[in-house]
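Going by our numbering, the sequence shown opens with residue 2, and the numbers climb by one from there.
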Amino acid sequence: MQLKLLIKIPKIQMAAVLVLIFFSAFLYQPQFSKLTSFLLAVGSTVLADLIFLKLRSIKPFFPKAGLVTGLIIGLLVAPNLPLYEIVAVGVIAMAAKHLLRIDKRHIFNPAGLGSFLVGTVFSHEISWWGVSWQQLSLTNFKLLSGFLLLLVPGLISVIRLRRWGTIGAFWSVYLLGTWVIQVGSGQNFHLNLDPTTLFFSLVMLPEPVTTPIHYSPQIWFGFFVGIISLLVSLPQFSAFLPVILADSLVLALLLGNLVFFKYK
């Protein structure tokens, strides 16, 4: 495939941006464990994708989806996890992609499901280490540049993938719910553009294969994920949930994938 055609593919564009996000996070706090865990996550996920293609007797092709999934996993899993856990996330993600289907349609977001299941089995939270440090700070260039870089995937999701309805619906619920929670508890409303939520909403939430294909269900999907993520984050709910289930974003996404499966 010619380079000009390759770089026009949304998944390749997303992969390039995710690599830049990793390098920005690594340069912000350079640690060798971050580099090794990231490379292991990407490598094991891509390799698992190729192995499943072979097992299914599908002619090998460049694993664009596996690459993007591996890059996302590399930004989510904690660098200090045992190596086998990092590999397990990638393998489970690709198993979900290739095997967990109904009528050839994918059910769950691979990176979300892999992170969720491994966290459940080994009792730890999802780290989000690569997308949790950025801030909209006008006095710190590193924090600001990292934050602006997080917005770039939104251009791909909104313009190329046409998922602006899902993203807009999610944020409308998220911001309104945040306002209600803050005001209801006697606080002044404070707009906090959390980088983790931003990354989730621009990269994982609008993933096209595991979300509704038509516009109206896309909006309802965004509303649903936003509402569930807010409910799970409330102390009244999160206090009774296991550690991994307290990650409201991933739990809400997986539930949304399941509830809205028939619209894919």
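Glycine included, C-beta positions come from ideal geometry on N, C-alpha and C.
Integer-rounded CB distance, given that M95 should sit under 8 Å from G278:
With the chain covering 2 to 265 only, the question about residue 278 has no answer from this structure.
Roughly how many whole angstroms lie between the Cα atoms of V90 and L100?
Looking up residue 90 in the sequence shown gives position 89. Looking up residue 100 in the sequence shown gives position 99. Taking the straight line from one Cα to the other gives about 15 Å.
Would you call T46 buried or exposed, if buried means 16 or more other Cβ atoms sit within 10 Å of its Cβ?
Counting from 1 along the sequence shown, the entry for residue 46 is found at position 45. Buried is the call here.
Shortest alpha-carbon distance to I8 belongs to which of K265, R161, V233 and W221?
Within the sequence shown, the letter at position 7 stands for residue 8. Per the Cα distances, R161.
Can you have a look at Q135 and say buried or exposed, based on whether 16 or more other CB atoms are within 10 angstroms of its CB?
What you label residue 135 is simply residue 134 of the sequence shown in a count that begins at 1. Q135 comes out buried.
7 Å Cβ shell around V159 - same chain, five flanking residues per side excluded
Mapped onto the sequence shown, residue 159 falls at position 158. So the list reads W165 and I168, once near-sequence residues are dropped.
Report the rounded CA-to-CA distance for P207 versus Q32, giving the unit in angstroms.
Residue numbering aside, residue 207 sits at position 206 when the sequence shown is read from its first letter. Residue numbering aside, residue 32 sits at position 31 when the sequence shown is read from its first letter. If I take the Cα positions, the gap works out to 31 Å.
Residues in the same chain with beta-carbon distance under 7 Å from F222, minus the five sequence neighbours each way, listed in chain order, please.
Taking the sequence shown and counting its residues from 1, one reaches residue 222 at position 221. Closer than 7 Å at the Cβ level, and outside the excluded window around F222, lie T167, T212, P213, G257 and F261.
Straight-line CA distance for H215 to R106?
Numbered from its first residue, the sequence shown carries residue 215 at position 214. Numbered from its first residue, the sequence shown carries residue 106 at position 105. So the alpha carbons of these two residues sit roughly 15 Å apart.
Would you check if there are 3 or more beta carbon pairs closer than 8 Å linking the region 143-154 to the region 121-135?
yes
Can you name the residues that DSSP bridges to R102?
Here residue 102 corresponds to residue number 101 of the sequence shown, with the count starting at 1. DSSP, once it has assigned bridges, lists H107 as partnering R102.
Could you check the C-alpha separation between I22 and E126 for me, to the nearest Å?
Reading the sequence shown from its first residue, position 21 is the one you call residue 22. Reading the sequence shown from its first residue, position 125 is the one you call residue 126. Computed Cα separation, rounded: 21 Å.
Is it buried or exposed for G71, if we count other Cβ within 10 angstroms and need 16 for buried?
By 1-based counting over the sequence shown, the position of residue 71 is 70. With 16 or more other Cβ atoms within 10 Å, it is buried.
Under 9 Å between the Cβ atoms of I228 and G178?
Here residue 228 is taken as the residue at index 227 of the sequence shown, counted from 1. Here residue 178 is taken as the residue at index 177 of the sequence shown, counted from 1. Yes. Within cutoff.
Is the distance from the Cβ of L19 to the Cβ of V69 below 9 Å?
Indexing the sequence shown from 1 puts residue 19 at position 18. Indexing the sequence shown from 1 puts residue 69 at position 68. Yes, the Cβ-Cβ distance between L19 and V69 is below 9 Å.
Return the chain-ordered list of same chain residues with a C-beta closer than 8 Å to the C-beta of F24, the five sequence neighbours on each side being excluded.
Within the sequence shown, the letter at position 23 stands for residue 24. Cβ neighbours of F24 beyond the five flanking positions: none.
Taking only three categories from DSSP, how would you classify K265?
In the sequence shown, residue 265 corresponds to position 264, counting from 1. Note: K265 maps to coil in three-state DSSP.
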